[in-house]
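Take any residue in the sequence shown, count from 1 to its spot, add 809: that is its number in the working numbering. All residues carry an ideal CB built from backbone N, CA and C; glycine is no exception. Here the structure is a predicted model, which is why all the values come from computation and not from measurement.
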Amino acid sequence: MSSVPGSPADQHKAPGAMTLAESNPQPLGTKTDVEAAGQGGTSSLPAPGGMEGFWSRLSPRTRLLTCFFGIFVCYFYYGIVQETITRGKYGEDNEKFTYVLSLVFLQCIVNAAFAKMMCYLAAPGINDTTPNWLYAVCATTYMGAMLASNQALQHVNYPTQVLGKSCKPIPVLILGVLLARKRYPLAKYLCVLLIVAGVAIFVYKDNVQAKADDHFFGWGEILLLASLTMDGLTGVSQEKMRSEHQTNSHHMMYNMNFWSIGILAVSIGVTGEIFAFLKFLEKYPYVLGNMFLFSITSALGQLFIFVTVTNFGPLTCSIITTTRKFFTILASVILFQNPMLPRQWVGVVLVFAGLAGDSYFGKSKKAKDNNK
């Protein structure tokens, strides 16, 4: 997740490999999906037709590339607006915006409203069989990961923060195996480790303060571990929705944000942040326009994230959101000819080796399965 996450972050059938390009060869809405999950009676999947029908007719590779570029573009602008809000200076006293919970609260309201609209427009008449308790658990772990990660930034230095964010696919992978009974070939683990290591090496920045920080393990590291664990549990919950209930992406997005609104409403009420936030808005009402723009980019980004989760699984989604920052920096290097350190080139090689290996071994596994 980013510094003000709204992106879940980064979450089928077993056994079998789930590759970035081939992880879900069956389009949503086919009979195979329902039978594989052991569901009978009414399915929550849409009948072919409309936007969902058009989407299901696209090839898996086209759907994956659409999701990747959708996430990339939406969260690129999301980051720009976020920085404008949180790093801007307001008034003659150069006040700063510090009301993170209130910002995410408004963001979740807009996300939920957008998702509800998509439920009516893109998935009308779909019966959502996902139980409310599963949505509640998923939203709780999602918000817990966000809060723990934000709190950790007050205790750890920048390199530790980057390393923690880069490792997100690892708990999603491990907890998916332990709790969701997922099965992956050994090559899958190696490719994920290559990607995570490459991203961490590439975005790592030397920090002078880190040299003076002689503690080995403290509250910051504990909070980072808690955040990563919550990310993994969120992935497990999303995988359960996907495999057992074939949850539609719009329903998942709406219910996750709906429950998050309740959690945040309690949080900003208990902490008293809502009162300070309203006073800030009274003094600087123009910030509300940026907050709505921030929320709209978040809603569009979340749409692609939840489509990725329901089509390709939470692990693939976490890999996309983890590599997003890597590709953003790499694009900047290529377009503006910024120099890169030798260490960063090593990171580039590791990331592309991991992505290429994941695609190659996934295709090999699929070819073997088809020849049986």
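Sequence-distant residues of its chain with Cβ nearer than 8 Å to residue i (five each side left out)
i, result
"G1166", "A996, L999, C1000 and L1003"
"L1090", "V1096 and L1097"
Nearest-angstrom Cα separation, counted from residue j out to residue i
i, j, result
"N936", "F1084", "40 Å"
"D1112", "G1044", "In the sequence on display, residue 1112 carries Leu and not Asp. If you take the alpha carbons of L1112 and G1044, they lie about 16 Å apart."
"Y886", "P1148", "24 Å"
"K1088", "P1094", "10 Å"
"V1116", "T1125", "11 Å"
"R896", "M955", "19 Å"
"M952", "F1011", "28 Å"
"L915", "R866", "35 Å"
"L1150", "M926", "46 Å"
"W942", "N1064", "11 Å"
"T871", "G1071", "36 Å"
"V1160", "A948", "30 Å"
"P855", "Q960", "At P855, the pLDDT of 42 sits below 50, so the modelled position is not reliable and the matter cannot be decided from this model."
"G1122", "I1129", "11 Å"
"Y1184", "R1152", "With the chain covering 810 to 1181 only, the question about residue 1184 has no answer from this structure."
"L874", "F881", "10 Å"
"N1120", "F1086", "38 Å"
"A1140", "P940", "42 Å"
"L930", "L1042", "31 Å"
"G900", "R1051", "48 Å"
"W864", "I979", "30 Å"
"H773", "P869", "Given a span of 810 to 1181 for the chain in the structure shown, any question on residue 773 remains unanswerable."
Cβ neighbours of residue i in the same chain (closer than 7 Å, five flanking residues each side left out)
i, result
"T893", "N1099"
"A1108", "V919, N920 and F923"
"D945", "According to the sequence provided, residue 945 is Ala. The question's Asp does not apply to it. W1068, listed in sequence order."
"I1105", "V919"
"C928", "H1059, H1060 and Y1063"
"I1077", "L910, S911, F914 and I1083"
"G879", "F1113"
"V1155", "I1010"
"L1265", "Since the first and last residues shown for the chain are 810 and 1181, residue 1265 lies out of range."
For residue i, the nearest candidate out of the options (CA to CA)
i, options, result
"F1136", "L984, A1009 and F1103", "A1009"
"D902", "K1092, A954, L874 and E1082", "K1092"
"H1060", "T895, G934, F914 and R872", "G934"
"K898", "E1048, V1158, V1096 and F1121", "V1096"
"K1049", "C876, V981 and A1006", "V981"
"L912", "V1158, S1052, G1156 and L1073", "L1073"
"T1056", "A932, V1075 and V1142", "A932"
"F877", "L1144, V1118 and C928", "V1118"
"A1162", "Y929, G1007 and S868", "G1007"
"T950", "S1046, G900 and W864", "S1046"
Beta-carbon contacts of residue i that lie in its chain and below 6 Å, excluding the five residues immediately before and after
i, result
"N1066", "C917, N920 and A921"
"L1102", "V890"
"A1035", "A957"
"V1142", "M1149"
"V1157", "none"
"V1146", "Sequence check: residue 1146 is Gln here, not Val. No residues qualify anywhere along the chain."
Within-7 Å CB hit, residue i to chain D
i, result
"G900", "Of the chains in the structure shown, none is chain D; there is only one protein chain."
Residue i beta carbon near the ligand ZN (any heavy atom closer than 6 Å)
i, result
"I1004", "What this structure holds is no ligand at all, so the ligand ZN is not there to describe."
Requested in this report: Jot down the residue ranges of each uninterrupted alpha helix (DSSP H) in the segment 887 to 963, minimum 4 residues, whole runs only, in chain order.
Outcome: 909 to 931 and 941 to 961
Query raised in the report: Is the segment 985 to 995 close to the segment 1068 to 1082, with three or more CB pairs under 8 Å?
Result: no
Query raised in the report: If you pair each beta-carbon of the segment 1024 to 1043 with each one of the segment 906 to 913, do three or more pairs fall below 8 Å?
Result: no
Query raised in the report: Residue ranges of each alpha helix (DSSP H) run of no fewer than 4 residues wholly in the segment 978 to 1053, ordered along the chain?
Result: 978 to 988, 995 to 1012 and 1017 to 1021
Query raised in the report: Whole alpha helix (DSSP H) runs in the segment 1062 to 1102 with 4 or more residues, listed along the chain?
Result: 1082 to 1092
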